[in-house]
Every structure is written in structure tokens, then in C-alpha cells.
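Enquirer:
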Amino acid sequence: MAPMVPLPALALVALVAPGLGVAPGCDYPAHLWCSSPELAAACQVESRCPNLPHPAAAPVELSLYYESLCPACREFLVLELFPTWMLLPSEMLNITLVPYGNAQERNVSGKWSFQCQHGPEECLGNMIEACLMHEAKNFSTYFPVIFCMESGSSVTKNLEAVCTPLHASPWGCPCAPRAHHMDISVPLTSLCVPSPWQCLQVYAPELDRDRIASCVQGDTGVALMHHNAQLTNTLDPPHQYVPWIVINGKHTDELQAQAEASLLGLVCHLYQ
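Residue numbers (mature numbering (1 follows the signal peptide of the UniProt record, and there is no 0)): -21 to -1, 1 to 251.
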């Protein structure tokens, strides 16, 4: 007894009989035409195969250029970026964090030093977060720790104090570059790295805090900050304030406003 051909395949044969759209070079049996995107394309029957799997859409790429102590940066990271990341499937959104912002760097006797808009504590916060990313590698590991740091009353001290919820308070305007940055004469390596790093213990206890501290206090942290400086200084168009949000390689006033108003809505709109 000859094998039975499924009814859907028979219906497809009726619809795409010779002269009605099947590619001349299609040598595959009719019941296989809709079995894969490749065969459907070879036989030119994609439009008649409703159950074909469609290729996944590319994730939305978001880069956040920010400063660890900038009030508006913290507001966006805590109230928009982190909740959106938590709500969406991982394949919808890729996030890159670049802590540097309106800082300035200079080469002094072959070594890089940094001046930060909100003082030496901000330079320390930027470097801690950069070193945390460097050591953790995995975004889902380090982002909750950064969220914890940024959501409390003091970014750097949140590594040693229990994280407190974000209190309702005015965050202020975006942090525009100042004409004169604070001159920081204290080298970053002389600033104490907090311990016992409660945010790290709560959200990523598997990370080695001593390695992160060594990064902050050593040449690796300086190299990471120099890299962030290069990324920030080569933005096109140049950043004018922070947070500076780049979506799929573009920054416009409209995208910035949409991201700050409803990042979740923007990502869902762009993901297609």
C-alpha cells in the first residue's frame, strides 16, 4: 500500500500545481515543500506555508553613556533600564554600559589620570562598575549589582551597606558638561575600596571581591577607564550631556526622549 500523503500537502499541491507558481527547479516531493524555509524558498511557495518558522528578529542594541553619581543617569538606569531588562526576554535587548560621561582624562608622565564631574567619589564609582563588568563578564551577573549600587543613597557605599530602596526625590536635570571640572589631586588608587561589599554579596556572591578591588587599585582599572574615555569621546554625534542613550547605533533627540519616557514601549516598537 502506497504511503498516504497528508491532506495539507495535497491541498498545497492543488494550490501550486504546475503553471501556478512552483519553481521549475523544484524536484522535491510536494509533502516536503513546507517542511523547512530552505525547501519552501527553493520551490517558491513561502507565501503558501503559514507554519514556516520565521527567523528571529535582531535584538535592540542600547548603549548607555553615564556617570555613576549623575542624578539623571541613576534615575534612568534604576527606573527605566533595569525594569525593562527584567521584563523582556533576553533575546530582545542587548545593553552596553559605559561609565565615564563628562569626565576628562590626561596623560601625566605616561599614566592616565581622570577628573570627574561629581568629584573623586564618582571616579571611584565609575571604576568600580567598570572593574565589576570586567571581572563578571556576564551582563546578567553584574547588572543587578550595578542596579543595587545606583539605587541607594550612596553609590560607592552601597557596596558595604545594605541596599535601600529608591526614595521619591527630584533627580535633577541631565548632567551637562561643566566649563571647569573639579581638579582631583587624590589618585584613585589611594581611595579606600569599600568592604564587605553587600551589593556584591546579595546579587553576585560568586564573584571574587579581591579581584575587583585589585582591578580598581591597579593598572587594569585605569586601562578600563581609558577605554571608556575613548568610547565616549568618539561618539557621533558627540555627547552633550548624560545620560546619553544610543539605540541601534544612533542617537537622536527623539530616541532619547522616547527612551526616557518609556523604554519598554520603545524597545517593543523597535523589535521586529
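Heads up, the beta-carbon is just placed ideally off N, CA and C, and yes, glycines get one too.
Leaving aside the five residues before and after residue 223 along the sequence, list all residues of the same chain whose C-beta is less than 6 Å from its C-beta, in chain order.
Expert: Excluding residues within five positions, the ones whose Cβ falls inside 6 Å are 44.
Enquirer: Opposite residue 126 in the DSSP bridges: which residues?
Expert: Secondary-structure assignment with DSSP links residue 126 through no beta bridge to anything.
Enquirer: Would you identify the three-state DSSP class for residue 116, choosing helix, strand or coil?
Expert: coil
Enquirer: May I have the straight-line CA-CA distance separating residue 36 from residue 86, to the nearest angstrom?
Expert: Across the structure, residue 36 and residue 86 are spaced so that their CA atoms are roughly 43 Å apart.
Enquirer: Using only the alpha-carbon positions, how far apart do residue 250 and residue 240 sit?
Expert: 17 Å
Enquirer: Which stretch, first to last residue, makes up the alpha helix (DSSP H) that contains residue 239?
Expert: 232 to 249
Enquirer: Do you know how far the Cα of residue 105 is from the Cα of residue 81?
Expert: Whole-angstrom Cα-Cα distance: 11 Å.
Enquirer: Going by DSSP in three states, residue 227 sits in which element: helix, strand or coil?
Expert: coil
Enquirer: Count the other C-beta atoms from every protein chain shown that fall within 10 angstroms of the C-beta of residue 211, then say buried if there are 16 or more, exposed otherwise.
Expert: buried
Enquirer: According to DSSP, simplified to helix, strand and coil, what is residue 91?
Expert: Residue state, collapsed to three classes: strand.
Enquirer: Could you check which residue in 92, 7, 17, 8 has the C-alpha nearest to that of residue 198?
Expert: 92
Enquirer: Along the chain, where does the beta strand (DSSP E) that runs through residue 40 open and close?
Expert: Judged by DSSP secondary structure, residue 40 falls within the beta strand (DSSP E) whose first and last residues are 39 to 45.
Enquirer: Going by C-alpha to C-alpha distance, which of 88, 14, 48, 7 sits closest to residue 29?
Expert: Nearest neighbour of residue 29 by Cα position, chosen from 88, 14, 48, 7, turns out to be 14.
Enquirer: Using CA atoms only, rank isn't needed, just tell me which of 120, 73, 89, 51 is closest to residue 201.
Expert: 89
Enquirer: Per DSSP, which one or two residues make a beta bridge with residue 84?
Expert: 93
Enquirer: By the DSSP assignment, the beta strand (DSSP E) with residue 134 in it spans what residues?
Expert: From DSSP, residue 134 is part of no beta strand (DSSP E); its letter is neither H nor E.
Enquirer: What are the boundary residues of the beta strand (DSSP E) that residue 76 is part of?
Expert: 72 to 78
Enquirer: Going by alpha carbons, who is nearest to residue 110 out of 133, 17, 204?
Expert: 204
Enquirer: If we ignore side chains and look at the alpha-carbon of each, how far apart do residue 217 and residue 67 end up?
Expert: Each residue's Cα considered, the two are about 30 Å apart.
Enquirer: By how many angstroms is the C-alpha of residue 233 removed from the C-alpha of residue 136?
Expert: 35 Å
Enquirer: Taking its Cβ as the centre, do 16 or more other Cβ atoms sit within 10 Å of residue 248, making it buried, or is it exposed?
Expert: exposed
Enquirer: Using 8 Å as the Cβ pair cut-off and three pairs as the minimum, do the region 55 to 67 and the region 20 to 29 touch?
Expert: no
Enquirer: Could you compute how far the alpha carbon of residue 115 sits from the alpha carbon of residue 99?
Expert: 24 Å
Enquirer: Within its chain, find whatever has a CB closer than 6 Å to the CB of residue 126; leave out the 5 residues flanking it on each side and keep chain order.
Expert: 61
Enquirer: Can you say whether residue 69 is buried or exposed, counting buried as having 16 or more other CB atoms within 10 angstroms of its CB?
Expert: Exposed, since its Cβ has fewer than 16 Cβ neighbours within 10 Å.
Enquirer: Can you look up residue 24 in the DSSP assignment and give me helix, strand or coil?
Expert: The answer is coil: DSSP assigns residue 24 none of H, G, I, E or B.
Enquirer: Does the distance from the CB of residue 75 to the CB of residue 42 come in under 8 Å?
Expert: yes
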